[in-house]
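Below: the structure, in structure tokens.
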Amino acid sequence: MTVSVAEYLLGRPVRSVLDVGCGEGFWRAPLLAMRPRARYVGVDSSPYVVRRFGRRRGIRLGRFDALDEAGVRGPFDLVVSVDVLHFLEPRELERGLRQVRALLGGIAYLPAFTAADAFEGDVRHVRRRTPAWYRRRFRWAGLVPAGLECYVTRDVARALAALERQPA
Numbered sequence: 002m003t004v005s006v007a008e009y010l011l012g013r014p015v016r017s018v019l020d021v022g023c024g025e026g027f028w029r030a031p032l033l034a035m036r037p038r039a040r041y042v043g044v045d046s047s048p049y050v051v052r053r054f055g056r057r058r059g060i061r062l063g064r065f066d067a068l069d070e071a072g073v074r075g076p077f078d079l080v081v082s083v084d085v086l087h088f089l090e091p092r093e094l095e096r097g098l099r100q101v102r103a104l105l106g107g108i109a110y111l112p113a114f115t116a117a118d119a120f121e122g123d124v125r126h127v128r129r130r131t132p133a134w135y136r137r138r139f140r141w142a143g144l145v146p147a148g149l150e151c152y153v154t155r156d157v158a159r160a161l162a163a164l165e166r167q168p169a
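The sequence shown lines up with residues 2 to 169 when you count with the numbering used here.
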């Protein structure tokens, strides 16, 4: 879905992907199977992951709120950060969203569990925030909702039809 949305908005195939909080690079293989020529950059805060998989899978050490320190250079057609946002402290999230915005050349897929969502699993460290809390942070960072937990820059949002734009 994320590749299709990015390509629809870009009008061309995805050429670059940034995966923040990538773990062992779960998204890498399916993305490269779809777009073998795409540049994949993974960022994860685990030294173990980087030591074990970094060189082979294009993963570097870094945090959501310190992409600049990880040496990540954009723009990226697709930025994904799955199962990350709801674990971050407010300052980490805010700083990271601004950095994602600066690196974004297409769409960002940024799913987050909110206090309004029912979910199971290890929820000990999940920060339960309202949907409005997240919407304010996305808007502050310059990210416009495009639906399906996808976000675009204000420039890209101008290309969306009125019914494609989601209320902020």
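Heads up, the beta-carbon is just placed ideally off N, CA and C, and yes, glycines get one too. Please read all numbers here as calculations on a predicted model, not as lab measurements.
C-alpha gap between residue i and residue j, whole angstroms
i    : j    : result
E150 : L86  : 12 Å
R155 : R166 : 11 Å
A117 : P132 : 7 Å
V50  : R36  : 24 Å
R137 : L33  : 33 Å
R58  : Y110 : 20 Å
E95  : L89  : 9 Å
R13  : G143 : 24 Å
L11  : L164 : 18 Å
7 Å Cβ shell around residue i - same chain, five flanking residues per side excluded
i   : result
D69 : Q100
F54 : E25, G26, I60
A71 : V44, R61, L62, G63
F65 : V21, G22, S82, V85, L89, E93, G97
C-beta neighbour in chain B for residue i, strict 9 Å
i    : result
R155 : Among the protein chains of the structure shown there is no chain B, as only one such chain exists.
Where residue i falls: helix, strand or coil (DSSP)
i    : result
D66  : helix
F27  : coil
V113 : Strictly speaking, residue 113 in this sequence is Ala, with Val absent from that position. In the structure shown, A113 sits in coil (DSSP, three-state: anything other than H, G, I, E or B).
G72  : coil
R159 : coil
T131 : coil
R61  : strand
Residues bridged to residue i [DSSP beta-bridge criterion]
i    : result
R40  : S17
A147 : In the DSSP output, where bridge partners are listed per residue, A147 has none listed.
F88  : According to DSSP, which records beta bridges pairwise, F88 is partnered with nothing at all.
F77  : L105
Y152 : A109, P146
Rounded Cβ spacing between residue i and residue j (contact assumed at less than 8 Å)
i    : j    : result
L105 : G75  : 7 Å
T115 : R130 : 6 Å
Y152 : I108 : 7 Å
E8   : V15  : 6 Å
Residues near residue i by beta carbon distance below 6 Å, same chain, minus five either side
i    : result
R174 : It is not possible to answer for residue 174, since the shown part of the chain is limited to 2 through 169.
Beta-carbon contacts of residue i that lie in its chain and below 8 Å, excluding the five residues immediately before and after
i    : result
A158 : V145, A147, R166
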